[in-house]
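Counted the way my numbering counts, the sequence shown spans residues 844 to 1847. Right, one structure below, let's go through it.
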Amino acid sequence: MTPGRRSSTFTRLLRHGFTDASAAERLLDSPELAAVRDDPVLLEALGATADPDLALDGLVRLLEAQPGPTAHRELLDTLIAAKPLRDRLLGVLGASAALADHLARHPRDWEALVTYEPRDLHPGVAEFERGLAEAGDPVGLRVAYRRCLLSIAARDVCGTTDVAETAAELADLATATLRAALALAERAAPEDAAACRLAVIAMGKCGGHELNYVSDVDVIFVGEAATGADEAKALRSATKLASHMMRICSETTVEGSIWPVDANLRPEGRNGPLVRTLSSHLAYYQRWAKTWEFQALLKARPVAGDRELGQEYIDALEPLVWKAAERENFVADVQKMRRRVVENIPVAEVDRELKLGPGGLRDVEFAVQLLQLVHGRADATVRSGTTLVALQALAAGGYVGRADATQLDDAYRFLRSMEHRIQLYRLRRTHLVPEDQADLRRLGRSLGLRADPETELIREWKRHTGVVRRLHEKLFYRPLLDAVAQLGPGEARLSPKAARERLEALGYADPAAALRHLEALASGVTRKAAIQRTLLPVLLGWFADSADPDAGLLNFRKVSDALGKTPWYLRLLRDEGAAAENLARVLSAGRLAPDLLMRAPEAVALLGDGDSAREGAGAGGLEPRERAQLEREILAAVGRAYNAEDGVRAARGVRRRELFRTAAADIVDSYGTETNPAEADQGALVDRVGGAVSDLTAATLAGTLRAVVRDGWGDTLPTRFTIIGMGRFGGHELGYGSDADVVFVHEPQDGVAEREAADAANKVVSEMRRLLQIPSADPPLLIDADLRPEGKSGPLVRTLKAYEAYYRRWSLVWESQALLRAEPVAGDEELGRRFIELIDPLRYPAEGLGEDAVREIRRLKARMESERLPRGADPKLHTKLGPGGLSDVEWTVQLLQLRHGWAEPGLRTTRTRQALAAACAAGLLGAEEAAILDEAWVLATRVRNAVMLVRGRAGDTFPPESRELAAVGRYLGYGDGHAGDMLDAYRRTARRARVVVEELFYGA
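See below:
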C-alpha cells in the first residue's frame, strides 16, 4: 500500500458507520475473525447496528470466550449462514455493552437467539417461567434472567416487537422472575410458606404491563393466615417471605442484581407494615388514603403468590378507585397534582429529563390517569392499567380528541423508545438523555436515524416533548368544546354527563352553566369562534388553576361578547401568549379587576406587551405609569373637555383604566405565569400597588381641580389653592378601596378679599367632591377631610394663616401625629411647600415629645382598640385594628418619628416602611424587631388588597365565604386546601408583631 493512503478496508469501514476504523481494522485482522474477515455479509450486518464499533468489539470478545475450536466454528458458521441470528446477535452487541459483557461471561447464551419460530416472537409469562425454571439459587436466577432479557432486547433492536410489546414482555419477564424469587424464598423457609397465604400485587409500570429495561419493580404484599394458623404468626411468616423475595431480586451478587423491588406504595409507605391482611388494606383505603394512592391503584395487578388472594384484593379495592373522583378533596388534589413542578430535579438535568421534565413521559401518564379517574366511574372501557391502551380507549370514548390522542401516542412511543435504548446500553436505571456525542450517535442510530444521528435525534426529541407540552393541558379541555360543537358523522364526543363530570373534577361549581358558556363561545363558523376554539382549551386550564373557575369563564364570555368583533382583540389573544394567560388570571382572581374591565373592555389591550395596545388605550403592558405621565394625560383630557363635568368624567375614565392596570399587574405578579414565577418580595408588591394608586389619585385630583377652576373662574382662581395628602394617601400607601384623606389650604390672591377667596375655595372643594362621586361607569373617588383641624366640626378649607394660628394655640398631640403623613399632592406647589414648613416643627418637635404627650398617645391608642373594633369581629384576624395589625405597626413607627424625628433626618418621611428602616438604621430598634414589624405590616396590607380584589369592596378582615377565602389564599401564594395555613400564618405573624409593639410602644 502506498504510504499516506488508506486501505480500501479502512474506507469501507467508515462508509459502514465505524467511527474508529483503525481499531476496527485491527479487530477484523484478529485470529478470531480470520475465517470471515473478507465476508461482505458480516460487514453489512455490523454497519446496520446502532454502534458498529461496539458490535465488532463485542463479537470478538464473544468468540474469544468460546470454550473450544468447535464452539468457535459453530458460532461463526451460524452467524454467516443464518440472517435472523446475525441480525439479532449483532443488533444486541451494537446496542448494549452490558449484554455483551453477559455473553462474554456466558458464551453459550448466544444460542438463545438461534431459534426463530412464531412462538418465540411474542413470548408470555409461561415461556419466561420455562426460561427461568432451571435457576436453583439467586445467582442462577440472575443468569437466567439476563438470558431471557437477551432475547427481549434482540427482538426490540431488530424491530420484531414495537416499544409497547417490548415493555409488555419486560413486565411478563418481571412477573416470572417475582414468581421464581418467591419460590426460592418458600423453598428456603417451608414452615413460613405453610403458615400463610401471600399475594404479590404489581404496581407502577410492572402492574401496567409497560416496564422499562431497568426500573424499580413496585409491589404491594397481601397476607392471610393459612387454614388453622394464627394470624399474627402468619403475618410474620409472610413478612419474612416477602423480605427474602425482595432481597433475592435486589441484592448484588457476582452476576449483578436483577432490579430493586420497591414496596413503598403500600399503605403508610415505608412506615407501614410490609405485609397486611386484605381487611387491613381495605380499612386503610376507606379511611386514610390520599387521591394519589387511588391513582397508583389504577395499575394494580396480581402477579405472584396466592392468585385467589390477589384477585380478592383487586375486587375489593377496585370500586374505591372509581369513587376517588367523588371524594370531597378530589378537586383540590387534582389541581395540586396538575401543578406538579420539577423542583426535585437538579437544575442542570431538567432539560435532559425524559421522564419528569416538561413534556416528558410523566406528563402523558399523569394526564391519562386523571382522565381515567374522572371517566372510569361510568365507563369500564377506559380502565386499562396500560397507558397507551387507556389513551386509545379514551379517544374511542370521545374523552380525548382523536388527533390529540394520535400525537400523544406517537410522542409517548418515541420517548419510551429513547428511554429503553438509553437504559439498554449499560443496563442502568436512568432517564437522562446523554450529553456525549458518541452516546447520542448510538442512540440516534438505534432509533433508525442514520443521516445525521445526533442532530436528528435532538430535533425529534424536542419536537415530541413540544407536542406533549402543548397537548398536556389541552387534553383535559378540548373534548369539552367538542361536546358543544357540531361534529361530523361517526365522530365520538363527550356526553353531556361526562362533560359535566370533567368540569366538576376540574373545579367548576356550576358545570351546566360552564357548558352553556362554552357553547356560546365556541359554536359557529366565524373567525371569532375559530380563534376561541383554539384558545379555550388553554384558558380553561388557567381558569381551573384559580379559586373561581366559573367566574373566569363567565367573565371571558362577557369580554368576548363586548370585543369579539374587534380585530385587534382577537389578534392580541392569538399572537401574544402573555395576553391570553394574563387575561385568564385577571378574570378568575376576583370581582374588582373584571368589574373595572367590563366598564371599558378595550383596557384588555394593556395585558399584552404593548405592541397591540390600541391608540387611546394608554401605554401597553402592565408596568405602572409615573405620576407625571398620568398628570399630563389627565390635564390634556380636561383641556379638551367642554365643561367641568366632561373633564372630570375623562379624568375618572383614565383612573379606572389605570386602576385596572395596577390590579392586573398585581394579580399576575402574585399568581405568576408559566414563564414568570410569582414575585417573591411581598414588600415590593405592596409598594408597587401603594405607589401606583397614590400617584393615580393625586393625578386625578389635579385634573379635577383644573376642570373645576377653569369652568368656574377661567384661568385664575381668586385664591391660591393646594391639596395636602394625609394618612395612607400622604404615605403613598393607598389600597384599592382607600378613600383619599386630605386637607385643603388656600391663600387669597393679592387684592382679593378673604370672604371672596374663602367662598371660592369652598366652592372648589364642594364641586370636586360632587363631580368625583357622580354615579357613572367609573368608580367614585371619595374625598375624606376629617383629619383637618377640629375634625368634622371645623371649616372644610382654611387659609395658611388660619392653620398657623390654630396650630399655635389649639393643636393636640393626635394632630401632630396625623401630620406625620402630610404631603402636598395637587394644586399650588409653593403654597404646599410653605404648609410643610409650617407643620414640620409640630410633627418633628425639638427635643422630641414630652412624657405627658407620650402617655396621651398611648391612651388614645388603647381607647381606639377597645372602641373601634367592629362588633363580632375576630380581633386576631382584623388587619387594621387587631393586635399586630396596621394600626399597631403604624402607631409604633409614628411614636418613634415624633420622639426622634428632630434628630434623625431619615425618620422625616411619610412612608411607614421607610421610617421603620430609618429607625432601625439609627439604632432605635433591633434589626429583628424591625423585620417582624415590617413583615406584619406588609402582610396586613396584602390581605386588605386581596379582599378588595376578590370581593370588589373594601374589608379589614378575611372573608367568611370559603371560595372567597380560597381566592385570597391564592393571591397570597397558598394552594387549594390551605386556607387554614394562611390564617395560622397571619395569626403567627401578627402575634410576633404585637410582642414588639408591647415593648416599643407601650414600654412593657
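For every residue, glycine included, the Cβ atom is placed at its ideal position computed from N, Cα and C. Remember, predicted model here, so these are calculated numbers, not experimental data.
* Consult DSSP for C1092 and reduce its assignment to one of helix, strand or coil. => Numbered from its first residue, the sequence shown carries residue 1092 at position 249. Three-state DSSP puts C1092 in a helix.
What are the partner residues of V1551, as DSSP defines its beta bridges?
Residue mapping note: residue 1551 aligns to position 708 of the sequence shown, counting from 1. V1551 is not bridged to any residue.
Taking V1668 as part of the beta strand (DSSP E), name the residues at either end of that continuous run. Here the question's residue 1668 lines up with position 825 in the sequence shown. Boundaries of the beta strand (DSSP E) around V1668: 1666 to 1670.
(message) Can you tell me whether E1171 is buried or exposed? The criterion is at least 16 other CB atoms within 10 Å of its CB, across all chains shown.
(response) Residue mapping note: residue 1171 aligns to position 328 of the sequence shown, counting from 1. E1171 sits exposed, since fewer than 16 C-beta atoms from the chains shown fall within 10 Å of its C-beta.
How would you write the range of the alpha helix (DSSP H) that D1524 sits in, first residue to last? Numbered from 1 along the sequence shown, position 681 holds the residue referred to as residue 1524. Annotation: D1524 is outside any alpha helix (DSSP H) and is labelled neither H nor E by DSSP.
Taking the alpha-carbon of D1524 as reference, which of T1273, L1750, V1781, P883 has the nearest alpha-carbon?
Against the sequence shown, residue 1524 aligns to sequence position 681. It is V1781.
Next item on the list: Could you please give the first and the last residue of the uninterrupted beta strand (DSSP E) stretch that includes R841?
Entry: Nothing about residue 841 can be read from this structure; the chain reaches only from 844 to 1847.
field: Cβ-Cβ distance between Y1817 and L1792 below 8 Å
entry: For the purposes of this step, residue 1817 is identified with residue 974 of the sequence shown, where counting begins at 1. For the purposes of this step, residue 1792 is identified with residue 949 of the sequence shown, where counting begins at 1. Not in contact: Y1817 and L1792 (Cβ atoms no closer than 8 Å).
Kindly list the residues whose CB is nearer than 8 Å to the CB of L1681, restricted to its own chain and excluding five residues on each side of it in sequence; keep chain order. By 1-based counting over the sequence shown, the position of residue 1681 is 838. Result list for L1681: L1643, Y1646, E1647, Y1650, in chain order.
### Query
Three-state secondary structure (DSSP) at H1721?
Here residue 1721 refers to the residue found at position 878 of the sequence shown. If DSSP states are grouped into helix, strand and coil, H1721 belongs with the strands.
So T1003 packs on L964, CB below 8 Å; how close in whole Å? If you number the sequence shown from 1, residue 1003 lands on position 160. If you number the sequence shown from 1, residue 964 lands on position 121. T1003 to L964, Cβ: 6 Å. Contact.
- Cβ atoms of P1638 and A1600: under 8 Å apart, would you say? Working through the sequence shown from its first residue, we reach residue 1600 at position 757. Working through the sequence shown from its first residue, we reach residue 1638 at position 795. No, the pair does not count as a contact, with Cβ atoms beyond the cut-off.
Practice item. Could you please give the first and the last residue of the uninterrupted beta strand (DSSP E) stretch that includes V1491? Key: Along the sequence shown, read from residue 1 onward, the residue named residue 1491 stands at position 648. No beta strand (DSSP E) contains V1491, which is instead part of the alpha helix (DSSP H) from 1487 to 1514.
*Whose C-beta lies closer than 8 Å to the C-beta of E1458 among residues of the same chain, with five residues either side of it excluded?*
As a first step, residue 1458 is located in the sequence shown; it is residue number 615 there, counting from the start. In this prediction, E1458 scores a pLDDT of 36, lower than 50, which makes its location untrustworthy; no coordinate-derived value is stated.
Practice prompt. Report the residue from V1536, Q1215, E1488 whose alpha carbon sits nearest the alpha carbon of G1241.
Written response: As a first step, residue 1241 is located in the sequence shown; it is residue number 398 there, counting from the start. Closest by alpha carbon: Q1215.
Three-state secondary structure assigned by DSSP to P1444
Working through the sequence shown from its first residue, we reach residue 1444 at position 601. Helix.
**Prompt:** What residues in its chain sit with their C-beta under 8 Å from that of R1370, if we drop five residues either side in the sequence?
**Reply:** Here residue 1370 corresponds to residue number 527 of the sequence shown, with the count starting at 1. Within the same chain, R1370 has close Cβ partners L1413.
With respect to the beta strand (DSSP E) encompassing F853, which residues constitute its N-terminal and C-terminal limits? For the purposes of this step, residue 853 is identified with residue 10 of the sequence shown, where counting begins at 1. Element bounds for F853: not the beta strand (DSSP E) but the alpha helix (DSSP H), 851 to 858.
Quick check: the Cα distance between L856 and V1164, rounded to an integer number of angstroms? In the sequence shown, the residue the question calls residue 856 occupies position 13. In the sequence shown, the residue the question calls residue 1164 occupies position 321. Going from the Cα of L856 to the Cα of V1164 covers about 58 Å.
Grab me the residues of K1340's own chain with a C-beta within less than 8 Å of its C-beta, minus the 5 sequence neighbours each way, in chain order. Here residue 1340 corresponds to residue number 497 of the sequence shown, with the count starting at 1. These residues qualify, in order along the chain: A1221.
**OP:** List the residues that DSSP assigns as beta-bridge partners of I1566.
**Re:** Numbered from 1 along the sequence shown, position 723 holds the residue referred to as residue 1566. In the DSSP output, where bridge partners are listed per residue, I1566 has F1587, A1669.
* Looking only at C-alpha atoms, which of T1082, I1700, E1672 sits nearest to W1657? -> Here residue 1657 is taken as the residue at index 814 of the sequence shown, counted from 1. Minimum Cα distance to W1657 is reached at I1700.
For Y1485, count neighbouring Cβ atoms within 10 angstroms of its own Cβ and tell me buried if that reaches 16, exposed if not.
Your numbering for residue 1485 matches position 642 in the sequence shown. By the 10 Å Cβ count, Y1485 comes out exposed.
- Name the residue from M1825, I1775, L1808, R1794 whose alpha carbon lies nearest to the alpha carbon of R1834. By one-based count along the sequence shown, residue 1834 stands at place 991. When only C-alpha atoms are compared, the closest one is I1775.
CB contact flag (A1038, S1100, <8 Å): Taking the sequence shown and counting its residues from 1, one reaches residue 1038 at position 195. Taking the sequence shown and counting its residues from 1, one reaches residue 1100 at position 257. Their beta carbons are not under 8 Å apart, which means A1038 does not touch S1100 by this criterion.
Would you say R1499 and G1573 are within 8 Å of each other, going by their C-beta atoms?
-> Here residue 1499 refers to the residue found at position 656 when the sequence shown is read from its first residue. Here residue 1573 refers to the residue found at position 730 when the sequence shown is read from its first residue. Taking 8 Å as the Cβ cut-off, R1499 and G1573 do not qualify as a contacting pair.
- request: Give every residue of the same chain whose Cβ lies closer than 8 Å to the Cβ of V1429, excluding the five residues on either side of it in the sequence, and list them in chain order.
  value: Locating residue 1429 in the sequence shown gives position 586, where the first residue counts as 1. Shown here for V1429: same chain residues with a beta carbon closer than 8 Å to its own, the five before and five after excluded, namely A1436, P1437, L1440, L1450, A1506, A1507, I1510, V1511 in chain order.
Excluding the 5 residues flanking Y988 on each side, which residues of the same chain have their C-beta closer than 6 Å to its C-beta?
Within the sequence shown, numbered from 1, the residue matching residue 988 stands at position 145. For Y988, where only same-chain residues beyond five positions count, the Cβ hits under 6 Å are T1020, I1101.
Within 8 Å of any Cβ in chain C, is that where the Cβ of R1837 sits? Within the model displayed, chain C is absent; a lone protein chain is all it includes.
Original post:
Applying the criterion that 16 or more other CB atoms from any shown protein chain within 10 Å of the CB defines a buried residue, is R990 buried or exposed?
Top reply: The residue given as residue 990 occupies position 147 in the sequence shown. Its Cβ being crowded by 16 or more others within 10 Å, R990 is buried.
Looking at T1784: is its Cβ nearer than 8 Å to the Cβ of G1546?
On the sequence shown, position 941 is the one that residue 1784 refers to. On the sequence shown, position 703 is the one that residue 1546 refers to. Cβ atoms of T1784 and G1546: not closer than 8 Å.
* Hey, which unbroken runs of the alpha helix (DSSP H) at 4 residues or more fall wholly within the region 1576 to 1659? -> 1597 to 1614, 1643 to 1652
Using a Cβ-Cβ cutoff of less than 6 Å, which residues in the same chain neighbour V1786 once the five nearest sequence positions on both sides are dropped? Residue mapping note: residue 1786 aligns to position 943 of the sequence shown, counting from 1. Taken in chain order, the residues that qualify are T1722.
**OP:** Determine the burial state of A888: buried for a count of at least 16 other Cβ atoms within 10 Å of its Cβ, exposed for fewer.
**Re:** Taking the sequence shown and counting its residues from 1, one reaches residue 888 at position 45. Buried.
Rounded to whole angstroms, what's the CA-CA distance from L1361 to V1586? Just pull it up for me. Along the sequence shown, one-based indexing puts residue 1361 at 518. Along the sequence shown, one-based indexing puts residue 1586 at 743. In this model, L1361 and V1586 are separated by some 51 Å (Cα to Cα).
Item checked: DSSP three-state assignment for A1069, whether helix, strand or coil -> By one-based count along the sequence shown, residue 1069 stands at place 226. If DSSP states are grouped into helix, strand and coil, A1069 belongs with coil.
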